[in-house]
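Student: First, the structure itself, so that you have it in front of you.
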Amino acid sequence: MGFMDDAKSKAQDAMDNNPDKVEEYSDQGLEKGGDFAESKGASSEHVDKGKDTLDGKIGE
Numbered sequence: 001m002g003f004m005d006d007a008k009s010k011a012q013d014a015m016d017n018n019p020d021k022v023e024e025y026s027d028q029g030l031e032k033g034g035d036f037a038e039s040k041g042a043s044s045e046h047v048d049k050g051k052d053t054l055d056g057k058i059g060e
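Numbering (the UniProt record's numbering), first residue to last: 1 to 60.
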């Protein structure tokens, strides 16, 4: 198993064993991304819709 395969396996194991942390971090990332988009002039309505769509695809 190569380095990248080993890293991918470890990352997948960590995600499988800590779904609550994964959800927490994904929510934080989406929030920061949404704030950035709004600071660049995107409408908050569109940003919220995009965050909701992505959150649904990532997890709960």
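A virtual CB, placed ideally from N, CA and C, is assigned to each residue, including glycine.
Since this is a predicted model, take the numbers as computed values, not measurements.
Could you say which of 37, 25 and 48 lies nearest to residue 58 if we only look at CA atoms?
Tutor: Looking up residue 58 in the sequence shown gives position 58. Among 37, 25 and 48, the Cα nearest to that of residue 58 belongs to 25.
Student: Nearest-angstrom Cα distance between residue 31 and residue 12?
Tutor: Sequence index remark: in the sequence shown, residue 31 carries index 31 (1-based). Sequence index remark: in the sequence shown, residue 12 carries index 12 (1-based). Taking the straight line joining both Cα atoms gives about 23 angstroms.
Student: So residue 34 packs on residue 47, CB below 8 angstroms; how close in whole Å?
Tutor: As a position in the sequence shown, residue 34 is number 34, starting the count at 1. As a position in the sequence shown, residue 47 is number 47, starting the count at 1. At roughly 5 angstroms, the Cβ-Cβ gap stays under 8 angstroms, so residue 34 and residue 47 are in contact.
Student: Return the first residue and the last residue of the alpha helix (DSSP H) that residue 56 is part of.
Tutor: To locate residue 56, count along the sequence shown from 1; it is residue 56. 44–58 is the extent of the alpha helix (DSSP H) around residue 56.
Student: Should residue 37 and residue 50 be called a contact, given that it needs their Cβ atoms to be closer than 9 angstroms?
Tutor: If you number the sequence shown from 1, residue 37 lands on position 37. If you number the sequence shown from 1, residue 50 lands on position 50. Yes, the pair counts as a contact, with Cβ atoms nearer than the cut-off.
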